[in-house]
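Engineer: The structure's right below; bear with me while I get my questions together.
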Amino acid sequence: MVNNIFGSQANLSALLAQSVNNTNQSSVSPSLLTSSDLQAINDLHINAPKITDELLSQLNNETIDEALASNQKVEDVLQQQLTSLFTISSTPSLNNYKPSNEELALRTVISSQHEGLLKNENSTQLIERLNTSVKNIQGAYANTSDILLSLGQLGHEQKTFLASSQQRVERTLNPYMESLNRAKYEDDDNYLFELSVKTKEGDVINITFNSSQGYDEETGEAIDSFGISYEVNGNLSEAEHGALTKVMAGVGEMADEFFKVSENSFNPIIVPNQTDMSLDFLAGFNSEQLAGFNVSFSTTQNDALDTAQNTLDLSYSIDEASNQQALVFKAVGGQNDIDFALDMSTIGAKDTQQMQQYLASLDQSLEDSRVNSTKDDKESAFGRKGDEAMQQGFALFKSAFASMSSAAERYSNLESLADQHFNDGRAMVADLVDNMITNDARYQGLGNKAPNTLGSGISKLADFDATFSYALDNGDYQPKNTIELSQATEQTQLGDLSGLTQSKNVSSHFDYQYSRPDYYDKEESYNVGTAVKNKELVGLDQSHEVDVDTKMFEFNPQTNQYELQMAMQEQTISKSDIRLIDDIWLEENENSYNMNKKERVESDEKQDEFEKTSSHSHNKLVTLIGDLDKLAENKDVRREYLTNLSQVNFFMDKK
């Protein structure tokens, strides 16, 4: 390989010279090109030999040591991948000469430029070709890794070889790509990272990083600046310092993802990336030492490329007095605006099944609003890219929700009184309810006209109130989606009866804000109430309700107005009230369904004619199971039963 590299310069120089000569002989119409295009092409003609010499001299100087450690199998696979990038018309004639992989990569760039010049492409198109060529080279290296991995031949040596080879190509192309892109894009790139952490004792730590990159037209040189500041208001203990270090590690990983660059012809274009971003570190937040933190990321870049600024702001805090934790998140990048907030108790327990149920309910709510945002359920009003951005933000929202729930479990274990109170109350009732719903053969429960995505029974998770929203701002087109999920629990004691009530709610709302009148609303609620006497469940009330309200409009250019095409309201209600006293099972079930829908009908006779559809149903069932003879035969037993039943009903109604 070393010999190939050293012997390749004349051949590569000849190839580029031939490309330029062929371009000189081709018919290029000046009328099709702007003055800047002609200047760019002329610069390429004049500087081609110099560029080629510089590219090859860099390769010759950098490859000797790495080339000696190359792996023949890797070379063969990589060469096959790089060769596949050539089109039939662009494949160079190499006779018996075998170029190195690095040279082959450079040939793909040069031959692609040759094709563009022959097609009279302007400077913008030529730069796009360069971008595409570099992305293809990156793909070739990635494919080589995948192939070797599938063959079980991707070891440390092979990874090192591929990384070194790709790095050499990147370093070789970088100066050329920078000069072209700087000529086209003159704005600066700026990056800012700010972190403020507050300890439980009130000390404040402020950390700031900032850097900027630009181009000085007068000197023709790149300008890079970097600044860092670290300020502590107070004295940190060793324990506080350890807690701070963990927060910085978690925030640092977020920053790595946010500031990760997407390579565009080796010219970094900053894009906020939430795909791999995680808030899992919140589960281990040290509330014994820290009270909270605020973090802010921002990038400012060439607005001709994508957008002028991308920002991310996150705050997290714990209020020990109210046993609450709170998180607020906001990210703005280009047309995308992501907001979410979570308020959650610090008292809760582990409930894996309920957590999975909530996450599934969130996913279903997002899908419901996404699908119902347009007539075609395969398309979303946000478009493909908007959908991707929304899903990224939603994944981060769910990560925060799960992490804060885990943190609440850990806080409860640290607070012995809270833990004891929780286990003596909600956990016991939750187990009693779960046993009745799951194991009692007499249980009939709620109707299944509308699935209960929130899950039946008592949740052991910490109570919370969570909201997520995503908005796409595309001028006059501004779709927005909002998802809300909440859980609230109350405990009650009256005489020898105790119990709790819990409500679970999820809702999704979609609209176009002020840009058009369409909307989709869906609300789902599940409420459960209990009565416990002598650690036995004597009363269980449940209700489940789903409401859907949606309208779709279509713009009429003749009237210059949006006209209603479809409107629908749908409501499903299921109830179940159970009393279990003296082993007598009394259950009352009630189910109702109502739907009203109207759709526009095309008619020449009437301007606004609609077809209306309605559906209504209602049923009620009372079930009594047990030894009823003892009630009929013994008035004292009957009196005691009715007294206990009245007390339980009063307790349930009062709650």
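Position in the sequence shown (from 1) plus 92 gives the number in my numbering. For each residue, glycine too, the CB sits at the ideal point set by N, CA and C. A quick note: this is a predicted structure, and the numbers were derived from the prediction, not measured.
Tell me which same chain residues have a C-beta within less than 6 Å of the C-beta of A659, skipping the five on either side of it?
Structural biologist: Here the set comprises K643 and K690.
Engineer: Measuring CB to CB, does M744 end up less than 8 Å from G587?
Structural biologist: Cβ distance not < 8 Å, so M744 and G587 don't count as in contact.
Engineer: In the DSSP assignment, what residue or residues form a beta bridge with F385?
Structural biologist: Beta-bridge pairing links F385 to V289 and Y408.
Engineer: Given M447, which residues of its chain have a CB within under 7 Å of its CB, disregarding the five upstream and five downstream residues?
Structural biologist: Excluding positions up to five away in sequence, the list reads A494, S497 and L553.
Engineer: Taking 8 Å as the threshold (C-beta atoms), are A500 and G440 in contact?
Structural biologist: Yes, these two residues count as a Cβ contact at 8 Å.
Engineer: How long is the line joining the alpha carbons of N464 and N527, rounded to whole angstroms?
Structural biologist: Spanning the two alpha carbons is a distance of roughly 38 Å.
Engineer: Start and end of the alpha helix (DSSP H) containing R731?
Structural biologist: From DSSP, the alpha helix (DSSP H) with R731 extends over K727 to K746.
Engineer: State the DSSP-derived secondary structure class of S265, mapped to helix, strand or coil.
Structural biologist: Sequence inspection shows Leu at residue 265; the Ser mentioned does not correspond to that position. It is helical.
Engineer: Is the beta carbon of G591 closer than 8 Å to that of A558?
Structural biologist: The answer is no: Cβ separation not under 8 Å.
Engineer: Report the rounded CA-to-CA distance for R730 versus N711, giving the unit in angstroms.
Structural biologist: When rounded, the distance between both Cα atoms is 29 Å.
Engineer: Consult DSSP for E345 and reduce its assignment to one of helix, strand or coil.
Structural biologist: It is helical.
Engineer: Using DSSP with H/G/I as helix, E/B as strand and the rest coil, what is P122?
Structural biologist: With a pLDDT of 36 at P122, under the threshold of 50, the predicted position of this residue should be treated as unreliable, though the coordinate-derived value follows. Here P122 sits in helix by DSSP.
Engineer: Inspect the CB distances between the region 666 to 679 and the region 648 to 656 and report whether three or more fall short of 8 Å.
Structural biologist: In short, these stretches do not touch, since the Cβ pair count stays below three.
Engineer: T660 lies in the beta strand (DSSP E); which residues open and close that run?
Structural biologist: The question names Thr, but residue 660 is Met in the sequence shown. Note, M660: beta strand (DSSP E), Q653 to I673.
Engineer: Which residue or residues does DSSP assign as beta-bridge partners of K572?
Structural biologist: Looking at the DSSP assignment, K572 forms a beta bridge with A563 and D603.
Engineer: If you reduce the DSSP assignment to three classes, tell me which class T466 lands in.
Structural biologist: Of the three classes helix, strand and coil, the one that applies to T466 here is coil, per DSSP.
Engineer: According to the Cβ coordinates, are Y685 and S707 closer than 8 Å?
Structural biologist: Against a cut-off of 8 Å, the Cβ pair of S707 and Y685 comes out as a contact.
Engineer: With burial defined as no fewer than 16 other Cβ atoms inside 10 Å of the residue's Cβ, what is the status of A724: buried or exposed?
Structural biologist: When all chains shown are included, A724 counts as exposed.
Engineer: Flag this pair as touching only if the region 365 to 381 and the region 326 to 337 have three or more C-beta atom pairs under 8 Å; answer yes or no.
Structural biologist: The answer is yes - the region 326 to 337 touches the region 365 to 381, with three or more Cβ pairs under 8 Å.
Engineer: Please report the distance separating the alpha-carbon of E349 from that of G342.
Structural biologist: Cα-Cα distance, rounded: 11 Å.
Engineer: Cβ atoms of G485 and Y562: under 8 Å apart, would you say?
Structural biologist: Contact: yes.
Engineer: Going by alpha carbons, who is nearest to E637 out of L737, G539 and Y283?
Structural biologist: Nearest of L737, G539 and Y283 to E637, Cα basis: G539.
Engineer: Compute the Euclidean distance between the alpha carbons of D238 and N597, then round it to the nearest angstrom.
Structural biologist: Roughly 45 Å separates the two Cα atoms.
Engineer: Excluding the 5 residues preceding and the 5 following V693 in the sequence, name in chain order all residues of the same chain whose CB lies nearer than 6 Å to its CB.
Structural biologist: Excluding sequence neighbours, V693 sits near E701 and E703.
Engineer: Let me check understanding here. Comparing Cα to Cα, which of L218, Y611, K667 and G425 lies closest to V620?
Structural biologist: Checking every option, the nearest Cα to that of V620 belongs to K667.
Engineer: With the cut-off set at 8 Å, would you say Y283 and T391 are in Cβ contact?
Structural biologist: It is a contact, given that the beta carbons lie within the stated cut-off.
Engineer: Using only CA atoms, which one of L374, S407 and S491 lies nearest to L419?
Structural biologist: Answer by Cα proximity: S407.
Engineer: Using CA atoms only, rank isn't needed, just tell me which of S635, Y654, S738 and D719 is closest to R671.
Structural biologist: The shortest C-alpha separation from R671 is found at S738.
Engineer: CB L170 to CB T264, shorter than 8 Å?
Structural biologist: Going by C-beta atoms, L170 is not nearer than 8 Å to T264.
Engineer: Under the three-state reduction of DSSP, which class applies to L419: helix, strand or coil?
Structural biologist: Three-state DSSP puts L419 in a strand.
Engineer: Below 8 Å between beta carbons: does that hold for A71 and L577?
Structural biologist: The structure shown does not extend to residue 71, since the chain spans only 93 to 747, so no value can be given for it.
Engineer: Between the Cα of N626 and the Cα atoms of T545, M520, K614 and S599, which residue gives the shortest distance?
Structural biologist: With distances taken between Cα atoms, N626 lies closest to M520.
Engineer: In whole angstroms, what is the alpha-carbon distance linking N116 and S203?
Structural biologist: Low confidence applies to N116: its pLDDT is 37, below 50, so where it sits in the model is not reliable, and the reading given next is rough at best. Cα to Cα, the separation comes out at about 15 Å.
Engineer: Note the first and the last residue of the continuous alpha helix (DSSP H) segment covering N327.
Structural biologist: Looking at the DSSP string, N327 is not in any alpha helix (DSSP H), and its letter there is neither H nor E.
Engineer: E616 and T715: beta carbons closer than 8 Å?
Structural biologist: The answer is no: Cβ separation not under 8 Å.
Engineer: Among L240, S548 and I219, which residue has its Cα nearest to the Cα of Q445?
Structural biologist: With distances taken between Cα atoms, Q445 lies closest to S548.
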